[in-house]
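Trainee:
Residue numbers (the numbering used here): -7 to 169.
Here it is as structure tokens:
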């Protein structure tokens, strides 16, 4: 939440689910009304049955099958700061059966996700620069068609560190408008 508010998002417009508050029911219900979602948790891709892929929350798993079944009219942007939120199925690697796709099926038109495991220290850097780029013209002038450019900017900031290898910056991907 600090990353988002530091980029310019008003704290009064943020809802945070931390540790024991991050239950499957609470997070699933919050998705029904939010326009932006940021997941900073563990996730697991089920490579045999993609619909069993899930975000690991305090009391269980928020499964792709639950997310993909939702219709979220307010949904706009999701940042999945989790490992493997855009990796595919073992037998059908080109098929979009992952958490990122589920968020899009539910209504999020723009989604940032990861194809493989990411380092805990890299995700906040990418998120901070992504949000700063999207919010650079203020809350009233957010242009989600700039989502890919925002991620590109954020990854380029991460890559400025000469110790950061391709395995650390390449997993971040953008899907959407």
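Even for Gly, the Cβ is constructed at its ideal location relative to N, Cα and C.
These numbers come from a predicted model, not from an experiment.
Suppose only complete runs of 4+ residues qualify. What are the alpha helix (DSSP H) ranges in the segment 60 to 110, listed by chain order?
Mentor: Runs found: 91 to 98.
Trainee: I'd like the list of long-range same chain contacts for residue 126, defined as Cβ closer than 6 Å, with 5 residues on each side in sequence excluded.
Mentor: Excluding positions up to five away in sequence, the list reads 134 and 142.
Trainee: Could you check what DSSP says for residue 52 in three-state terms: helix, strand or coil?
Mentor: DSSP places residue 52 in strand when its eight states are reduced to three.
Trainee: Among residues of its own chain, excluding the 5 on either side of residue 11, which ones have a beta-carbon nearer than 7 Å to its beta-carbon?
Mentor: Around residue 11: 50.
Trainee: Count the other CB atoms within 10 Å of the CB of residue 13; is the residue buried (16 or more) or exposed (fewer)?
Mentor: With fewer than 16 other Cβ atoms within 10 Å, it is exposed.
Trainee: In the DSSP output, which residue or residues are listed as bridge partners for residue 140?
Mentor: Per DSSP, none; premise fails for residue 140.
Trainee: Does DSSP put residue 169 in a helix, in a strand, or in coil?
Mentor: It is coil, neither helix nor strand.
Trainee: Excluding sequence positions up to five away, which residues of its chain have a Cβ less than 7 Å from the Cβ of residue 236?
Mentor: A query on residue 236 cannot be resolved here, the shown segment of the chain reaching from -7 to 169 and no further.
Trainee: Which of the three DSSP states, helix, strand or coil, is assigned to residue 14?
Mentor: Here residue 14 sits in coil by DSSP.
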